[in-house]
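Residue numbers (my numbering): 1 to 99. Backbone N, C-alpha and C define an ideal beta-carbon position, used for all residues, glycine too. Reading through the structure tokens given below for one structure.
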């Protein structure tokens with residue numbers, strides 16, 4: 001995978017006016033770093049993980065992504081154009097790959 005030719009806008013978007021800023025969120029050496037709560041622990045989802053991937057969950061994930069980009073000028077036009085070019089099942093297929 002090649003390196004990006006322009007600096008990432010991740011932190012700018014993550015700290016935008018439509019987001020609740022995380023003061024511990026940062027990027028270092030191309031890795032996104034964030035604090036994990038002291039009482040958090042890894043959750044083993046088991047072999048059936050992702051089997052309940054529903055349209056509602058995907059809709060909410062999309063809503064969150066839209067909220068990140070809402071503050072960026074013309075980004076919603078670019079996102080809409082990109083989504084029109086993709087197959088209807090692209091997000092479901094991608095989500096199933098990572099679970």
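Limits of the unbroken beta strand (DSSP E) element including residue 13: No beta strand (DSSP E) contains residue 13, which is instead part of the alpha helix (DSSP H) from 10-14.
Candidates 96, 80, 74 and 17, of which the one nearest residue 55 by Cα: 96
Beta-bridge partners of residue 31, as assigned by DSSP: 28, per the DSSP bridge assignment.
Inter-residue spacing [alpha-carbon to alpha-carbon] between residue 33 and residue 86: 30 Å
Cα-Cα separation between residue 13 and residue 63, rounded to whole angstroms: Going by the C-alpha atoms only, they are around 15 Å apart.
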